[in-house]
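Taken in order, these protein sequences are the chains called C and G.
Quick note on our numbering: the first sequence kicks off at 994 and runs consecutively.
Quick note on our numbering: the second sequence kicks off at 147 and runs consecutively.
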Amino acid sequence: MECTPRGIGSNGGGVEMRSRITAWRRWVAAGALTLTVGLLAACGGSSSSNDSKAPTSARGPIAGTLTFYNFQPTGNEGRWWDDFVARFEAKYPRTHIKVTKYATQDYWIKTLAAFSSGNEPDIFIPDAGEDLNKYIRAGRIAPLDRILDLSYYNRAAVEPFRAINGHVNAIPIFSYEILGWANEDLLAKNGLAVPRTWDELLNACGKLSAAGVVPLAMGNAGQDRFPTEHLMDTLLYQLAGNRAALNATYGIDGASWTDDAVVRAGAAMRQLIDARCFPEGFTGLSYAQMTNLFAQGKAAMTFTGSWFAAQVQTSRVKFRSTTFPFPDVPGAAHSTANLDGILGGVTGLTASGKAANRNPALVAAFLNEFGKRVDDYANATGALSVAASPNPTGGTLQRDMAEVFKSVGELVPVSDTILPKPITEAYEGDIVSLTAGKLTPEAWAKSIADTTRREQANLPRLDG
Amino acid sequence: MTNVTAHARAATVRGLLRRPRTGSVAKVLMITPAMALFLTFYVAAVVFGIVLSLYSWNGLEPRHYVGLANYRQLFSDDPIFLTNVKITLLVVVACVATVLPLALLLAVCLAGRSRILPVFRSILFLPVIVPLAATALLWSEFFSPTADGVANRLLHVFGIGRVAWLGDTTAAPWALIMVSIWTLVGIHVVIQLSALSAIPTELKEAARLETPSTSRVFLHVILPLLRDSLTVSAALIVTGTFVFFTALAFIMTLGGPDHATEVLGLRAYLDGFDALNFGRASAVTVITMLITIVLVGFTLFVGSRRRVEY
């Protein structure tokens, strides 16, 4: 007699066993499908038509809870914010500020994910430009000018947060400008002064590199592609005007990436490289390595933001340093040397539309309280103050930069804050190729133009 | 006889079916948490990604159905995507071709009983446990393009000029491949050591009786018995490279210079979280998944042929 369990499908019991297995598979598939539908429905955020409605009054009791996403969790900035929140809660005992701290590199993604899921923070810190505009376009930010006191701030610092409809969507908390930095002792040792013209700069590069000194510390490796981007932005401003990259992307006033002014900016960058202004192998240098070259006295100059002052001060550099506006390229239509404009940006503080409409009194109290202490924030952190009447108490560097900010004609926004992300990626990446000699200035301009054409369907509308 | 057999089988099945179900209920309850996690974070996520690849979505505004437009754009109007695929395949092939033989060689060298060997095994395993950020920082300094960089100093000893390393489109991928090999080899040495120790000693002794040649014993007896562990290692290197190299490229080069280290995983991240084009990012992840399935499937197919058992 055979007892081997063959032919399991040949009798009623075996068929029932197989149908149970099939039923399990159906349940698993149904479960997966249900979860997917649920996830698809859940993702995409939830916003009501009231989120972007401007609150008209800040009257009412100052009470309740605000959630605050802070990207400055450590150092002087972290301590200042902790103190600010503690003092605010002490002044308004019926309030609670729930602070969530993120490292800077995680901050943007965490904030985006929060907005995407409908759990956005009540208060957060955006940069002026595309960082904030994407939330405005999605209807998640409400205009705040009716409930805020903007008299605390330098008007030039508020303008980047003014939307196309004229309303202000955030308050500035600090600004930064991109400047040349010079080691005066090292320059003097080589018989040079801080360069004020393009020819003086090229001459200094030649002499310094011949003497084995890095003329201008620069780098664009890894995640730190912004130093060469900032330099290119400056050259573009000089030759093509403010927001040249944005105009070229959207064809504003007939501007295009293949315009002669853009190609000349690329050629000017190549001229600096060919004059050996940058360290050898600079395309492989990170921002930290680049600034260390300057801080260690191995480079006579560098080109970076006003935030560098804090590093200069904490590094206790053993030489006299000063900042200088970048010299103008020959034929420049706009001058950075004479402060027609200077490259820079503004970081702000704002409320989500939900919070602004749910509790306008508390939101206004929190933001206006910052306004009262905006100068104190700058002095405590070494940042460039955006106060209407700044009183810098830091060292010479901070005072010099404050003077520049007061005198400058216009703040030229850094391209990566105003360009749509796909174009920023191409712009930064193609600058790396230009500086590495992989692209000529003409090919560089054409490459960005090609990317702009490909991404036309994905470009956000400008009326943020 | 046939009828008796059929009746006996039916009776057995009926008996099984009549068993109290409490045992089945307990089993279901025990696997439910794991199954729920698996369904949520794996199955649903994969299905969600596939569905999202058919939409245009920036993460904030409502989604729009676009069908296969994302795929069409990648294959027909995006020259960078082909670069991403080429770099990904280069990295995977280079890592498998290097890590596998190197791990085997090191395992053979470390398979003895000497008291000093555990020290070397520990040293080899250290890169596996070093945090990725520390690894990236360490190797960024190693590959510094200045004359002070360790890599350039070594080249100088051999009379070779300075290389920009992470700033050079040719050198950057190979620099990151070197870092990947350094990190991955340790775990695979452990896998191969374990497999080597599982080979019965009698087999090796019998083989040595047949031939005094150690290399012949290794090639014809030991290596065939390691086929399974080598197949597993190869499959793990393929999948591990996808994950590890993406993270490494993100920290050290962000896919640059000029997309030279932009593998598919990083491309998906940049499309999603930088360009806010989650539809296209999902399309890239779907293509990555298919490529991974093909590569792992091929690896397992090659490894399953001519299996040897004693």
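By construction, the Cβ of each residue, glycine as well, lies at the ideal position given by its N, Cα and C atoms.
Item	Value
Short check: CB of A1436 (chain C) to CB of S1249 (chain C), under 8 angstroms?	no
Rank C:S1109, C:R1139 and C:A1121 by C-alpha distance to the C-alpha of R1052 (chain C) and give the top, closest one.	C:R1139
Is it true that the CB of F1271 (chain C) sits closer than 8 angstroms to the CB of L1209 (chain C)?	yes
At 8 angstroms on the CB atoms, spell out the chain C contacts of R308 (chain G), in chain order.	E1273 and G1274
On the premise that L175 (chain G) lies in contact with A253 (chain G), defined as a C-beta separation below 8 angstroms, what is that separation, rounded to the nearest angstrom?	The Cβ separation is near 42 angstroms, so there is no contact.
For the 8 angstroms Cβ check, are there 3 or more pairs between the segment 383-401 of chain G and the segment 365-373 of chain G?	no
I'd like to check one pair, N1063 (chain C) with K1094 (chain C): are the Cβ atoms closer than 8 angstroms?	yes
For A279 (chain G), which residues in chain C fall below 7 angstroms Cβ to Cβ?	What A279 (chain G) touches in chain C: nothing, since even the nearest Cβ is about 11 angstroms away.
Please classify K1460 (chain C) as buried or exposed, where buried requires at least 16 other C-beta atoms within 10 Å of its C-beta.	The structure shown does not extend to residue 1460 (chain C), since chain C spans only 994 to 1457, so no value can be given for it.
List, in order along the chain, the chain C residues whose C-beta lies closer than 9 angstroms to that of W311 (chain G)?	A1214, G1274 and G1277
Using a C-beta to C-beta distance shorter than 9 angstroms, which residues of chain G count as neighbours of A1415 (chain C)?	Rather than Ala, the amino acid found at residue 1415 (chain C) in this sequence is Pro. Here the neighbours are D417, D420, A421, L422 and N423.
Go ahead and label C241 (chain G) buried or exposed: buried means 16 or more other beta carbons lie within 10 angstroms of its beta carbon, across all protein chains shown.	buried
Please state whether the Cβ-Cβ distance between L1059 (chain C) and I1116 (chain C) is less than 8 angstroms.	yes
So, is the C-beta of G1038 (chain C) closer than 8 angstroms to a C-beta in chain G?	With a pLDDT of 48 at G1038 (chain C), under the threshold of 50, the predicted position of this residue should be treated as unreliable, though the coordinate-derived value follows. For G1038 (chain C), the answer is yes, since a Cβ of chain G falls inside 8 angstroms of its Cβ.
Along the chain, where does the alpha helix (DSSP H) containing G1364 (chain C) start, and where does it finish?	P1353 to K1365
Out of G:S379, G:H405 and G:L412, which has the shortest C-alpha to C-alpha gap to A393 (chain G)?	G:L412
Specify, as a first and last residue, the run of the beta strand (DSSP E) that G1517 (chain C) falls within.	For residue 1517 (chain C) there is no data in the structure shown, the boundaries of chain C being 994 and 1457.
Going by CA-CA distance only, name the one from C:A1214, C:Y1085 and C:K1311 that's closest to Q1289 (chain C).	C:K1311
Should Y1085 (chain C) go down as buried or exposed, given a rule of 16 or more other Cβ atoms within 10 Å for buried?	buried
Does the beta-carbon of H210 (chain G) have 16 or more other beta-carbons within 10 angstroms, so that it is buried, or is it exposed?	exposed
Run down chain G in chain order and give the residues with a C-beta less than 7 angstroms from the C-beta of V1425 (chain C).	G402, P403 and D404
Is the separation between the beta-carbon of F424 (chain G) and that of L198 (chain G) shorter than 8 angstroms?	yes
Exposed or buried, N1158 (chain C), counting other C-beta atoms within 10 Å across all chains shown (16 or more means buried)?	exposed
Sort G:T186, G:V378, G:A341 and G:F289 by Cα distance to G1277 (chain C) and report the nearest one.	G:F289
Would you identify the three-state DSSP class for K1431 (chain C), choosing helix, strand or coil?	coil
Tell me, please, whether the CB atom of G205 (chain G) is closer than 8 angstroms to any CB atom in chain C?	yes
Mind pulling the alpha helix (DSSP H) runs of 4 or more residues that sit fully within the segment 1193-1270 of chain C?	1219-1233, 1237-1243 and 1253-1267
Need the endpoints of the alpha helix (DSSP H) that H136 (chain G) sits in, please.	Since the first and last residues shown for chain G are 147 and 456, residue 136 (chain G) lies out of range.
In whole angstroms, give me the CA-to-CA distance for E351 (chain G) and L251 (chain G).	21 angstroms
Residues of chain G with CB under 8 angstroms from Q1231 (chain C), in chain order?	Going along chain G, no residue has its Cβ under 8 angstroms from Q1231 (chain C), so there is no contact; the nearest lies around 26 angstroms.
Do A191 (chain G) and P319 (chain G) have their CB atoms nearer than 8 angstroms?	no
Where do the N-terminal and C-terminal ends of the alpha helix (DSSP H) with K1399 (chain C) fall, by residue?	T1389 to S1400
To the nearest angstrom, report how far apart G1388 (chain C) and T399 (chain G) are at their CA atoms.	35 angstroms
Should E1396 (chain C) be labelled buried (16 or more other beta-carbon atoms within 10 Å of its own) or exposed?	exposed
In chain G, what lies closer than 9 angstroms to Q1282 (chain C) by C-beta?	S286, E287, S290, P291 and T292
Apart from the five residues just before and just after T347 (chain G), which ones in its own chain have a Cβ nearer than 6 angstroms to its Cβ?	none
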